[in-house]
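Per our numbering, the sequence shown starts with residue 40, numbered consecutively.
C-beta atoms are modelled at their ideal positions from N, C-alpha and C, and glycine is treated no differently.
In this text, all values refer to a predicted model and were calculated from it rather than measured experimentally.
As C-alpha cells, the structure follows; a few thoughts come after it.
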Amino acid sequence: MANHGNSGRAKKLDIGTFHNGNSYALLFAAPKGDFESWQATFEHVAKSFRFTSAQGAKAVSDLPVRSGTSPLPSPSSQTSHVEKIKAIITDWKRAREDRDFNKFISLYDNSFLFHTSNIPRYPKEINYNQWFNSVQWQFKNSPPERYELHNMNIAFLGDIVQVVFDEEGRLDQRHYQGKRTLTLKVIGGVWKIVREDWILDETHLPTQQWLEERCYYGEWQEIVSNQFRWKFLIEKDILKIKRTDNSVSGSFHRSNDSWIGDLEWANGTRWDNIILYKADAECTKVKTNQHWWYKR
Numbered sequence: 040m041a042n043h044g045n046s047g048r049a050k051k052l053d054i055g056t057f058h059n060g061n062s063y064a065l066l067f068a069a070p071k072g073d074f075e076s077w078q079a080t081f082e083h084v085a086k087s088f089r090f091t092s093a094q095g096a097k098a099v100s101d102l103p104v105r106s107g108t109s110p111l112p113s114p115s116s117q118t119s120h121v122e123k124i125k126a127i128i129t130d131w132k133r134a135r136e137d138r139d140f141n142k143f144i145s146l147y148d149n150s151f152l153f154h155t156s157n158i159p160r161y162p163k164e165i166n167y168n169q170w171f172n173s174v175q176w177q178f179k180n181s182p183p184e185r186y187e188l189h190n191m192n193i194a195f196l197g198d199i200v201q202v203v204f205d206e207e208g209r210l211d212q213r214h215y216q217g218k219r220t221l222t223l224k225v226i227g228g229v230w231k232i233v234r235e236d237w238i239l240d241e242t243h244l245p246t247q248q249w250l251e252e253r254c255y256y257g258e259w260q261e262i263v264s265n266q267f268r269w270k271f272l273i274e275k276d277i278l279k280i281k282r283t284d285n286s287v288s289g290s291f292h293r294s295n296d297s298w299i300g301d302l303e304w305a306n307g308t309r310w311d312n313i314i315l316y317k318a319d320a321e322c323t324k325v326k327t328n329q330h331w332w333y334k335r
C-alpha cells in the first residue's frame with residue numbers, strides 16, 4: 040500500500056512490502072514542487088525491487104530505472120534540458136533540409152520505431168533498419184525539402200520526452216502538412232529519438248493532392264490476359280500513364296473523382312474518351328470504362 044505524506048519541504052511516498060515473515064518499507068522523498076515529476080520514476084523503481092536469497096533485499100539505489108536510460112530531471116533543472124531538446128530538433132530539421140544523412144541518423148537510437156496511419160502504400164509501422172534504408176534512399180534520390188515547424192510542445196512523461204508540433208513541408212511544387220511527434224529518451228547519457236509518429240492532415244487540400252499523387256505514382260499491372268505493366272505519374276494535375284514497353288501512352292485530366300483522356304499508340308492509333316476511375320481506398324485498384332483495369 041502506498042501512503043503519501045508531507046514533512047517540512049519534502050513530500051514522501053511510502054510503499055510497504057512483506058517477505059519471508061518480515062515487513063519492509065520503501066521510502067521515496069522529493070521536494071514538494073518536484074514530487075510529481077519524480078513519482079513515475081519512484082513507482083517504477085518500487086516495482087523493480089527484488090529480494091534474493093543471497094542478498095536479502097536488494098538496495099533500491101542499486102536498481103536502474105530502465106536499462107540504458109537515466110531518470111528525468113526535476114522541474115527545477117528541466118529548463119536546461121528543454122534547451123537541449125530544442126537544439127536537437129533544430130539539428131533534426133536542418134539535417135533533413137540539407138540531406139545530411141550521417142547527422143540525421145546520429146540523432147536516432149537503433150531501437151527506433153516509425154508509426155503512421157494514413158500515408159498510401161506505406162507500412163503503419165517500420166523498425167529502425169527499414170526506416171534507415173528508406174531515409175537513405177530518400178536523401179540520395181529526392182531533392183532537398185523545406186520545412187516549417189509550428190505550435191511545438193515539449194512534455195516530460197516518465198522516462199521519456201515527447202515533442203509534438205505541426206509541420207508544413209515543401210518538395211518541388213508539393214505542399215503538405217501534418218502533425219509529428221518525436222519521442223526521446225536519455226540513452227548512454229545522450230538524448231536519442233526512439234519513436235516517431237507522423238499523421239498527415241487530410242483536411243488540407245494540398246495535402247490531399249499530395250496523398251493522391253503518392254497513391255497513383257509507380258507501376259501498375261494491366262488486368263487482362265497478359266503481363267503488361269504501366270507507369271503512372273501525376274504532373275501539374277495531369278495523370279500521365281505509359282506502358283513499360285513504350286508502345287502506348289496517355290494523358291488524363293481530372294473530372295470530379297475520375298480521370299478522362301486518351302491513349303496514343305506508337306503506330307499513330309488513338310483511343311479517345313478513356314476514363315480511369317478514382318483508385319480504391321487501399322490504392323491497389325484503378326477501374327476503367329474499358330474491358331481492362333489496373334492493380335498492384
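Residues in its own chain within less than 7 Å of residue i by CB, not counting five upstream and five downstream?
i	result
R293	D276
W304	S286 and V287
V325	W259, L315, Y316, A318, W332 and Y333
Enumerate in chain order the residues of its own chain whose CB-to-CB distance from residue i is below 8 Å, with the five nearest sequence positions on each side excluded.
i	result
H214	E207, G208, P245, T246 and W249
Y256	F271, L272 and I273
E241	N157, Q247 and L250
Y186	K132, R135, E136, E206, E207, G208 and R209
V174	F140, F143 and I144
Leaving aside the five residues before and after residue i along the sequence, list all residues of the same chain whose C-beta is less than 6 Å from its C-beta, in chain order.
i	result
L221	V202, I232 and E235
Quick check: the Cα distance between residue i and residue j, rounded to an integer number of angstroms?
i	j	result
E258	A126	41 Å
T308	W170	45 Å
E251	D130	31 Å
G228	L188	27 Å
K281	L223	45 Å
R133	Y147	15 Å
K350	L66	The question about residue 350 has no answer here: the residues shown for the chain are numbered 40 through 335.
Q177	A68	49 Å
S286	N312	19 Å
D101	S119	Interpretation of D101 is limited by its pLDDT of 33, a score under 50 that renders its predicted location unreliable; no figure is taken from the coordinates.
C28	E261	In the structure displayed, the chain extends from 40 to 335; residue 28 sits before or after that span and is not available.
T283	Q266	11 Å
K123	A320	42 Å
D198	N168	24 Å
N149	N166	9 Å
Q216	H243	7 Å
I238	R335	24 Å
R219	W269	34 Å
Taking the beta carbon of residue i as the centre, do at least 16 other beta carbons fall within 10 Å, making it buried, or is it exposed?
i	result
R135	buried
W331	exposed
A318	buried
W298	buried
V263	exposed
Y161	exposed
K50	buried
W310	exposed
Report, in whole angstroms, the separation of the C-beta atoms of residue i and residue j, which I expect to be a contact under 8 Å.
i	j	result
I193	V121	6 Å
E164	F153	7 Å
Checklist entry - Curious, which full-length alpha helix (DSSP H) runs of at least 4 residues does the stretch 240-326 contain? => result 244-255
Next on the checklist: To test your reading of the DSSP string, which unbroken beta strand (DSSP E) runs of 3 or more residues are found completely within the stretch 169-243?
Outcome noted: Listed in chain order, they are 185-196, 199-210, 213-226 and 229-239.
Checklist entry - What runs of the alpha helix (DSSP H), each 4 residues or longer, lie entirely inside the stretch 114-139? => result 114-137
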